[in-house]
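>
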Amino acid sequence: MNMAPQVVLVTGVSRYLGARLARTLCDVPSIERVIGVDALPPSRELRASLGRTEFVRADIRNPLIGKVITTAAVDTVVHMNIRAAPHDSGGRSSMKEMNVIGTMQLLAACQKAETVRRLVVKSTTAVYGSSPRDPAMFTEAMEAGGAPAYGYAKDAMEIEGYVRGFARRRPDVTLSVLRFTNFIGPRIESVLTEYFALPVVPTVLGFDPRLQVLHEDDALEVLLRATLRELPGTVNVGADGVMLLSQAIRRAGRIGLPLPGITAGIVDRVVRRAGKVDYTAEQRRFLNHGRVVDTTRLKSEFGYRPRYSTLEAFDDFVRGRQLRPVVDPQRLAAVQERVLRLAVRSAARGVARV
Amino acid sequence: MSDATVIPLHIPRREEPPRAPTETPDEARAESDFERRLAGGLAFLRRRLTGDYSVDEFGFDPDLTDHVLLPPLRPLYERWFRVETTGLHHVPSTGGALIVANHSGTVPLDALMTAVALRDHHPAGRALRMLAADLVFTLPVVGSVARKAGHTLACNPDAERLLRAGEITGVWPEGFKGIGKPFSQRYKLQRFGRGGFVSAALRTGAPIIPVSIVGAEEIYPMVANLRTLARLVGLPYLPVTPTFPLLGPLGLIPLPSKWLIDFGEPIETGAYGVAAAEDPMLVFNLTDQVRETIQQTLFTLLAQRRSVWS
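If you read the sequences in order, they're chains L and F.
867 is the number of the first residue of the first sequence in the working numbering; add one for each residue after it.
12 is the number of the first residue of the second sequence in the working numbering; add one for each residue after it.
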């Protein structure tokens, strides 16, 4: 049954990871065609990097995708057009429409197309929610303490619901649902990368969540594997290990600004207005309680061990972005040296004097 | 006593004590000791400021725990409560075990003292990973400090994860009913939960070590409970002790009772097999066995203790 894909359709190709996946698939000799779909055209540099990908600008409101899938006889669909941030999707309601209605449209088209054999969905660990009553790590079998009732997480929950419905109606299609943690890396743009690029990083006073991230290269590798091989099931995809938010801020050489939870609403608005950082209530909740997932299944069943640990991925991001540290570790080391010398000398002098 | 070295966090502000004009070998040693400690303290500070340390999946930060969180507890352990431990050899040096203990004292100092006992006085210096009530993790500061000290939410997935990872996991099954009980009911074990801890031990094959703690009951003798006010602020209880709130902040000083902590003989669970966790009868029986062991040991220890204070 394990047929190598020949015609692959990638949605969300105008974004960094989608474009990179399409580009990498172009280099696989067994793949005849790579079709990239997005509602927005890719930026000039992304377009140049797309290689032999055929770009289709498709809007979710017309059933063009269905036609593309049937006429090109697409056998593998990689659905990556799920957006986390409202600000670059034209607001929350537009984001929801893109995410949920867009997915429904795509699934409807896939259901009709008999050539489709494999569906890969980029989901998120946000479906587990984020609360102080969470277990330390979520496995795929666990559900959110309270179903996330807002934003991206709610979209992702609904999308996964529709995907499960699709799987029931088309049991012949191999379905991989990849629940990714937050992406980080030198090139990718994500809510987290924007957040850590702020010189002064707002946090919630009295809370220091555990964060787990995934390096962009590992994300690409997992997407590629799921596209090329038969890997059915739902799997958490995140790097090994965790870091604390305060630790991440220090490693990036930023200055944390702990603010009481009550002022959060005001801070959100100020931060949102000041930059293009998407500091939503959901984001704040995540940065309040954090979330860590168990990646045993990724390693055992999927057979993939991320190359970067959480700390390594984060350090690579800091290096790659050339974030100028506000607190410079080298200078700190020099200060440490100097204080030590000074103290020893003054102690010695004290001894000599008395 | 303790073989863990305490590295001071701050450069001592006070002047060095006056010295004799000629340096004796003794002083040279003190000098180098001061240097070493200062260097250690500075290195620690730099590690913290640059985020150069690692935490495990639960957020446990051993560097911080050993250098910041445990040191203030040590004088309390050594001088104030003069804790005496017995049966520490029952705690394995490697691999997981489930510590089950009685809970009392209004403020969970008993759990913290057990952690000091295992870290400082167990030959392997084991870290105690506690399973704490969810209230802990909803509170600011307390919640994040608890995570950094290696503790996690009392739920079966976390308990099993810790035990599988070979950690010494601590659970206080009485919960708030034990810690917030009136002074008149001291040393009477409360309901022992639903036996969730037993099924976690059965599933992982970890031994259960019943631990009996004497002394914690007297640190804040609770004579009344301001239930309505407690409910208003969302706390499980709000104690009135002879000194609190009468003496204000002074009432927060625990009474210096004499403590005894006994680590009992392990109850092996490996022989029952994993499926035994699904047998409610066995789970209840084991729960009762642990509870009875602790209750009996408490009575024995109480008889041994000459008075509350010595």
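By construction, the Cβ of each residue, glycine as well, lies at the ideal position given by its N, Cα and C atoms.
Helix, strand or coil for residue 1160 of chain L, going by three-state DSSP, please let me know.
Translated into positions along the first sequence, residue 1160 of chain L becomes position 294. Coil, per DSSP.
> Could you name the residues that DSSP lists as bridge partners for residue 272 of chain F?
Here residue 272 of chain F refers to the residue found at position 261 of the second sequence. Bridge partners of residue 272 of chain F: F:96, F:224.
> Between residue 236 of chain F and the rest of its own chain, which residues show a CB-CB distance below 8 Å, the 5 nearest in sequence each way excluded?
Mapped onto the second sequence, residue 236 of chain F falls at position 225. 191, 193, 248, 249, 250, 251.
> Are residue 312 of chain F and residue 266 of chain F closer than 8 Å when you measure CB to CB?
Numbered from 1 along the second sequence, position 301 holds the residue referred to as residue 312 of chain F. Numbered from 1 along the second sequence, position 255 holds the residue referred to as residue 266 of chain F. Not a contact, by the Cβ cut-off of 8 Å.
> When you compare only the Cα positions, how much space is there between residue 148 of chain F and residue 166 of chain F?
Looking up residue 148 of chain F in the second sequence gives position 137. Looking up residue 166 of chain F in the second sequence gives position 155. For residue 148 of chain F and residue 166 of chain F, the distance between alpha carbons rounds to 13 Å.
> Would you say residue 111 of chain F and residue 221 of chain F are within 8 Å of each other, going by their C-beta atoms?
The residue given as residue 111 of chain F occupies position 100 in the second sequence. The residue given as residue 221 of chain F occupies position 210 in the second sequence. Taking 8 Å as the Cβ cut-off, residue 111 of chain F and residue 221 of chain F qualify as a contacting pair.
> Can you check which of these residues, L:984, L:1118, L:1112, L:1067, is closest to residue 1095 of chain L by C-alpha distance?
The residue given as residue 1095 of chain L occupies position 229 in the first sequence. Of the candidates L:984, L:1118, L:1112, L:1067, the one whose C-alpha sits nearest the C-alpha of residue 1095 of chain L is L:984.
> Using a Cβ-Cβ cut-off of 8 Å, state whether residue 165 of chain F counts as contacting chain L.
Here the question's residue 165 of chain F lines up with position 154 in the second sequence. Not closer than 8 Å to any Cβ of chain L, the Cβ of residue 165 of chain F fails to qualify, so no.
> Go through the region 70-139 of chain F residue by residue and report every complete run of the alpha helix (DSSP H) that reaches 4 residues or more, in order.
Runs found: 120-127.
> Would you call the CB atoms of residue 1045 of chain L and residue 1108 of chain L closer than 8 Å?
Position 179 of the first sequence, counting from 1, holds the residue named residue 1045 of chain L. Position 242 of the first sequence, counting from 1, holds the residue named residue 1108 of chain L. Not closer than 8 Å, so no.
> Express the C-alpha separation of residue 287 of chain F and residue 1018 of chain L in angstroms, rounding to a whole number.
Walking along the first sequence from the start, residue 1018 of chain L turns up at place 152. Walking along the second sequence from the start, residue 287 of chain F turns up at place 276. If I take the Cα positions, the gap works out to 41 Å.
> Three or more beta-carbon pairs under 8 Å between the region 89-109 of chain F and the region 68-79 of chain F, yes or no?
They do not touch, by the three-pair rule.
> Alpha carbon to alpha carbon, what distance is there between residue 268 of chain F and residue 84 of chain F?
In the second sequence, counting from the first residue as 1, residue 84 of chain F sits at position 73. In the second sequence, counting from the first residue as 1, residue 268 of chain F sits at position 257. Straight-line Cα distance between these residues: approximately 15 Å.
> What separation, rounded to the nearest whole angstrom, lies between the Cα atoms of residue 127 of chain F and residue 1064 of chain L?
On the second sequence, residue 127 of chain F is found 116 positions in, with the first residue counted as 1. On the first sequence, residue 1064 of chain L is found 198 positions in, with the first residue counted as 1. So the alpha carbons of these two residues sit roughly 40 Å apart.
> Using a Cβ-Cβ cut-off of 7 Å (strictly less than) and excluding sequence neighbours within five positions of residue 113 of chain F, which residues of its own chain qualify?
Residue numbering aside, residue 113 of chain F sits at position 102 when the second sequence is read from its first letter. 185, 189, 200, 223, 224, 305, 309.
> Would you kindly work out how many angstroms separate the C-alpha atoms of residue 69 of chain F and residue 1197 of chain L, rounded to a whole number?
Counting from 1 along the second sequence, the entry for residue 69 of chain F is found at position 58. Counting from 1 along the first sequence, the entry for residue 1197 of chain L is found at position 331. Going from the Cα of residue 69 of chain F to the Cα of residue 1197 of chain L covers about 32 Å.
> What are the residues in the region 149-162 of chain F lying within 9 Å of chain L by C-beta distance?
Within the region 149-162 of chain F, the residues whose Cβ lies closer than 9 Å to some Cβ of chain L are 149, 150, 151, 152, 153, 154, 155, 156, 158, 159, listed in chain order.
> Should the region 896-914 of chain L be called in touch with the region 881-888 of chain L, which here means at least 3 C-beta pairs below 8 Å?
Contact between the region 896-914 of chain L and the region 881-888 of chain L is present, because at least three Cβ pairs lie under 8 Å.
> Give a yes or no on whether 8 Å exceeds the smallest Cβ distance from residue 1073 of chain L to chain F.
For the purposes of this step, residue 1073 of chain L is identified with residue 207 of the first sequence, where counting begins at 1. Chain F contact via Cβ: present.
> Beta carbons nearer than 8 Å to chain F: which residues of the region 993-1005 of chain L have them?
Within the region 993-1005 of chain L, the qualifying residues are 998, 999, 1000, 1001, 1002, 1003, 1005.
> Could you say if the region 1021-1030 of chain L and the region 1152-1162 of chain L meet the contact criterion of at least three C-beta pairs nearer than 8 Å?
Contact between the region 1021-1030 of chain L and the region 1152-1162 of chain L is absent, because fewer than three Cβ pairs lie under 8 Å.
> What are the boundary residues of the beta strand (DSSP E) that includes residue 921 of chain L?
The residue you call residue 921 of chain L lines up with position 55 of the first sequence. Residue 921 of chain L -> beta strand (DSSP E) spans 920-923.
> Give me, in chain order, the residues of the same chain whose beta-carbon lies closer than 7 Å to that of residue 880 of chain L; leave out the 5 immediate sequence neighbours on both sides.
The residue labelled residue 880 of chain L in the question sits at position 14 within the first sequence. Excluding residues within five positions, the ones whose Cβ falls inside 7 Å are 904, 906, 907, 908, 912.
> With C-beta atoms as the reference, is residue 900 of chain L less than 8 Å away from residue 914 of chain L?
On the first sequence, position 34 is the one that residue 900 of chain L refers to. On the first sequence, position 48 is the one that residue 914 of chain L refers to. Not a contact, by the Cβ cut-off of 8 Å.
> Go to residue 1035 of chain L, then tell me how far its alpha helix (DSSP H) extends in each direction, as first and last residue.
Residue mapping note: residue 1035 of chain L aligns to position 169 of the first sequence, counting from 1. Segment 1017-1035, the alpha helix (DSSP H) holding residue 1035 of chain L.
> If we require 3 or more residues per run, which beta strand (DSSP E) segments fall completely within the region 880-938 of chain L?
Here the runs fully enclosed are 899-904, 920-923.
> Over what stretch of residues does the alpha helix (DSSP H) that includes residue 188 of chain F continue unbroken?
Within the second sequence, the letter at position 177 stands for residue 188 of chain F. From DSSP, the alpha helix (DSSP H) with residue 188 of chain F extends over 186-190.
> Decide if residue 940 of chain L is buried, meaning its Cβ has at least 16 other Cβ atoms within 10 Å, or exposed.
Looking up residue 940 of chain L in the first sequence gives position 74. It counts as buried.
> Which term fits residue 100 of chain F, buried or exposed, when burial requires 16 or more other beta carbons within 10 angstroms of its beta carbon?
Locating residue 100 of chain F in the second sequence gives position 89, where the first residue counts as 1. It is exposed - the Cβ of residue 100 of chain F has fewer than 16 other Cβ atoms within 10 Å.
> Counting only C-beta atoms, is residue 25 of chain F closer than 8 Å to chain L at any point?
Along the second sequence, one-based indexing puts residue 25 of chain F at 14. A caution first: residue 25 of chain F carries a pLDDT of 42, below 50, which makes its placement in the model too unreliable to give a value.
> Which class does residue 182 of chain F belong to by DSSP, given the choice of helix, strand or coil?
Locating residue 182 of chain F in the second sequence gives position 171, counting from the first residue. The answer is strand: DSSP assigns residue 182 of chain F an E or B state.
> Against chain F, with Cβ distances strictly below 8 Å, would residue 1108 of chain L count as a contact?
Residue numbering aside, residue 1108 of chain L sits at position 242 when the first sequence is read from its first letter. At least one chain F Cβ lies under 8 Å of residue 1108 of chain L.
> Could you check whether the Cβ of residue 107 of chain F sits closer than 8 Å to any Cβ belonging to chain L?
Taking the second sequence and counting its residues from 1, the one referred to as residue 107 of chain F is at position 96. No, residue 107 of chain F does not count as interfacial toward chain L.
> Check each candidate in L:1180, L:1003, L:1040 and name the one with the smallest Cα separation from residue 158 of chain F.
In the second sequence, counting from the first residue as 1, residue 158 of chain F sits at position 147. Of L:1180, L:1003, L:1040, the residue nearest in Cα terms is L:1003.
> Against chain F, with Cβ distances strictly below 8 Å, would residue 828 of chain L count as a contact?
Chain L is shown only over 867 to 1220; residue 828 of chain L falls outside these bounds and no answer can be derived.
> Below 8 Å on C-beta distance, what does residue 1179 of chain L contact in chain F?
Taking the first residue of the first sequence as 1, we reach residue 1179 of chain L at position 313. Within 8 Å Cβ-Cβ: nothing; residue 1179 of chain L doesn't reach chain F, min ~14 Å.
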